[in-house]
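Chemist:
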Amino acid sequence: MPGLRVGCVIRLPLLVFMLLVVLAYLNSYSVMAEGLDEVVGSLVRDLEELRRSRVDVSSLTSSLDEAVRLWESGDVEGASRVLESVRFEVERLKGEAPRVYALHVARVTLTVLALLALPPLFYMLFPRLYLRLWFNSRRGWVVVRGAPRR
Amino acid sequence: MLLDDEVFAVLTAVVIIASVLGVAMVVRDEIGGERFTAIGLLDENCRIGDYPRYAYPNQTLKLCLYIYNHMGEPVYWRVVYKVGDNTTLPTTNTTSPRPAIAEWRGVLDHAFNATRRVDVVVREPPVNATRVALIFELYTYNTAEDRWEYTGRWVHLYIDIRR
């Protein structure tokens, strides 16, 4: 039965392909089944956590807003597509969040330390700097005994 | 003395004050300050001023909503539109008892605002009402409890009803 076997070999990938198409279609409408508020709410919760880790989420927020508008205008498929891309980006940023937060803490700590160090540094260095400038600006002066005062 | 002691003391004081102010600004940015949201109603050109003064029942009016988020985090917001009168206005704690006619949603990042053009239908005015209030209530989504919460912020516009 070689003919039957060849038929099965051709049909099986076709069947799998059709199944994948149906799954993709169903996935795009998963938002519809789940409800917009639950989907957007969970993504906003993720964005809140990312923002607490000092990750810039303004572009993701704009995308989410666009998805909500698409949904309201009746374009459920377009909204699902945008929501999926936001979800993907959120997952990617979650991995980067600890590094971003550590950098932010380091930056803030250094800024505060620099600001706190400013007064003692000024107290110690300014008189020396001033003296140096004072002497440099009068480097060419000649001291003459008994010269009249200007 | 090349550098006068008093001048030096004044300069040092200025540097100390600048340092303290700088630290305070950094700390304030970290804390985030007061958290609030805001809603505003604008005319059809999204400006303050040229609001409609009257409408016929079921007439559609063009207006603009302004939403501002200062909650320190992204916010999923919703504005609910109702038609009421001076006895059914919302308060800072309670919403208007009138039924919702339309609603609009959006997502805003901290310190961002949105201006949304909306078409509102003057539907179901109270019986024999000659003057109604177009009420817009602002809600935000509580992501911890998965439910909408009234923010206590609303705007309303009084218009005359012509029949």
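In order, the protein sequence lines correspond to chains A and B. Residue numbering for the first sequence follows the numbering used here, starting at 23 and increasing by one per position. Residue numbering for the second sequence follows the numbering used here, starting at 1007 and increasing by one per position. Beta carbons are placed, not taken as given, at the ideal position from N, Cα and C, and that holds for glycine.
If you count every other CB in all the chains shown that lies within 10 Å of the CB of L132(A), and 16 or more means buried, which is it?
Modeler: Under this definition L132(A) is an exposed residue.
Chemist: Check the Cβ of P170(A) against every Cβ in chain B and list those closer than 9 angstroms, keeping chain order.
Modeler: Within 9 angstroms Cβ-Cβ: nothing; P170(A) doesn't reach chain B, min ~23 angstroms.
Chemist: Hey, does E118(A) have any beta-carbon neighbour from chain B nearer than 8 angstroms?
Modeler: By this cut-off, E118(A) is not an interface position.
Chemist: Can you check which of these residues, I1107(B), V1029(B) and A1139(B), is closest to L135(A) by C-alpha distance?
Modeler: The option with the nearest alpha carbon to L135(A) is V1029(B).
Chemist: To the nearest angstrom, how far is the alpha carbon of Y1072(B) from that of I1141(B)?
Modeler: Roughly 14 angstroms separates the two Cα atoms.
Chemist: Taking Y1082(B) as the query, report the chain A residues whose CB atoms sit under 7 angstroms from its CB, ordered along the chain.
Modeler: Result: V62, G63 and V66.
Chemist: Would the segment 103 to 110 of chain A count as touching the segment 1110 to 1127 of chain B if we require 3 or more Cβ pairs under 8 angstroms?
Modeler: With the cut-off at 8 angstroms, the segment 103 to 110 of chain A and the segment 1110 to 1127 of chain B do not touch.
Chemist: Give me the Cα-Cα distance between V1127(B) and G1039(B), rounded to the nearest whole angstrom.
Modeler: Between V1127(B) and G1039(B), the C-alpha separation is close to 38 angstroms.
Chemist: Between the segment 139 to 153 of chain A and chain B, which residues of the former have CB atoms less than 8 angstroms from a CB of the latter, in chain order?
Modeler: Listed in sequence order: L140, P141, F144, Y145, F148, P149, Y152 and L153.
Chemist: Where do the N-terminal and C-terminal ends of the alpha helix (DSSP H) with H1162(B) fall, by residue?
Modeler: Careful: H1162(B) lies outside any alpha helix (DSSP H), inside the beta strand (DSSP E) at R1153 to I1167.
Chemist: With a cut-off of 8 angstroms, does the C-beta of S1102(B) fall near any C-beta of chain A?
Modeler: So no, S1102(B) is outside the interface.
Chemist: Exposed or buried, what is S95(A) when buried is set at 16 or more other beta-carbons lying within 10 Å of its beta-carbon?
Modeler: By the neighbour-count rule (16 or more Cβ atoms within 10 Å), S95(A) is not buried but exposed.
Chemist: Nearest to L82(A) by CA position, among A1061(B), C1070(B), V1081(B) and G1055(B), is which residue?
Modeler: Checking every option, the nearest Cα to that of L82(A) belongs to V1081(B).
Chemist: If we define contact as Cβ-Cβ less than 8 angstroms, is L1009(B) a contact residue for chain A?
Modeler: True, the Cβ-Cβ gap to chain A drops below 8 angstroms.
Chemist: Should L86(A) and L65(A) be called a contact, given that it needs their Cβ atoms to be closer than 8 angstroms?
Modeler: Yes; because the gap between Cβ atoms is below 8 angstroms, this pair is in contact.
Chemist: So F1042(B) contacts chain A; which residues on that side make the cut at Cβ distance below 9 angstroms?
Modeler: Under the 9 angstroms cutoff, chain A gives no residues; its nearest Cβ is about 17 angstroms from F1042(B).
Chemist: Counting only Cβ-Cβ distances shorter than 8 angstroms, please list the residues of the segment 1101 to 1125 of chain B near chain A, keeping chain order.
Modeler: The residues in question are W1110, R1111, G1112, V1113, L1114, D1115, H1116, F1118 and A1120.
Chemist: Does the Cβ-Cβ distance between A119(A) and L58(A) come in under 8 angstroms?
Modeler: No. Outside cutoff.
Chemist: Taking C-beta pairs closer than 9 angstroms, name the residues in chain A that T1018(B) reaches, listed in chain order.
Modeler: By Cβ distance, chain A contributes P141, F144, Y145 and F148.
Chemist: Which residue wins for smallest C-alpha separation from D1035(B), given the options G1078(B), Y1147(B) and Y1074(B)?
Modeler: If we check each option's Cα against that of D1035(B), G1078(B) comes out closest.
Chemist: Helix or strand or just coil, what does DSSP make of R167(A)?
Modeler: In the structure shown, R167(A) sits in coil (DSSP, three-state: anything other than H, G, I, E or B).
Chemist: Against chain A, which members of the segment 1136 to 1147 of chain B pass a CB distance test of less than 7 angstroms?
Modeler: So the close ones are Y1147.
Chemist: Check whether chain B comes within 8 angstroms of S52(A), counting only Cβ atoms and requiring the distance to be less than that.
Modeler: Residue placement at S52(A) is flagged as unreliable, the pLDDT there being 46, under the threshold of 50; the coordinate-derived value follows with that caveat. Output row for S52(A): interface = no.
Chemist: Can you name the residues that DSSP bridges to N1119(B)?
Modeler: Answer is Y1074(B).
Chemist: With a threshold of 8 angstroms on Cβ separation, who are the neighbours of N1148(B) within its own chain once the five nearest residues in sequence on each side are excluded?
Modeler: Cβ within range, chain order: W1154 and E1155.
Chemist: Taking 7 angstroms as the limit between beta carbons, can you name the residues of its chain near T1098(B), skipping five residues before and five after?
Modeler: For T1098(B), where only same-chain residues beyond five positions count, the Cβ hits under 7 angstroms are G1158.
Chemist: At the level of alpha carbons, what is the spacing between P1096(B) and R67(A)?
Modeler: Roughly 28 angstroms between the two C-alpha positions.
Chemist: Roughly how many whole angstroms lie between the Cα atoms of V1133(B) and V79(A)?
Modeler: If you take the alpha carbons of V1133(B) and V79(A), they lie about 48 angstroms apart.
Chemist: Taking only the alpha-carbon atoms, compute the straight-line gap between V1032(B) and H1076(B) and give it to the nearest angstrom.
Modeler: Rounded to the nearest angstrom, the two C-alpha atoms are 18 angstroms apart.
Chemist: Please work out which residues of its chain come closer than 7 angstroms, Cβ to Cβ, to D1166(B), disregarding the five sequence neighbours upstream and downstream, and give them in chain order.
Modeler: Once the five neighbours on either side are set aside, the close Cβ partners of D1166(B) are R1059, Y1060, T1136 and R1137.
Chemist: Using a Cβ-Cβ cut-off of 8 angstroms (strictly less than) and excluding sequence neighbours within five positions of R1169(B), which residues of its own chain qualify?
Modeler: Excluding sequence neighbours, R1169(B) sits near Y1062 and P1063.
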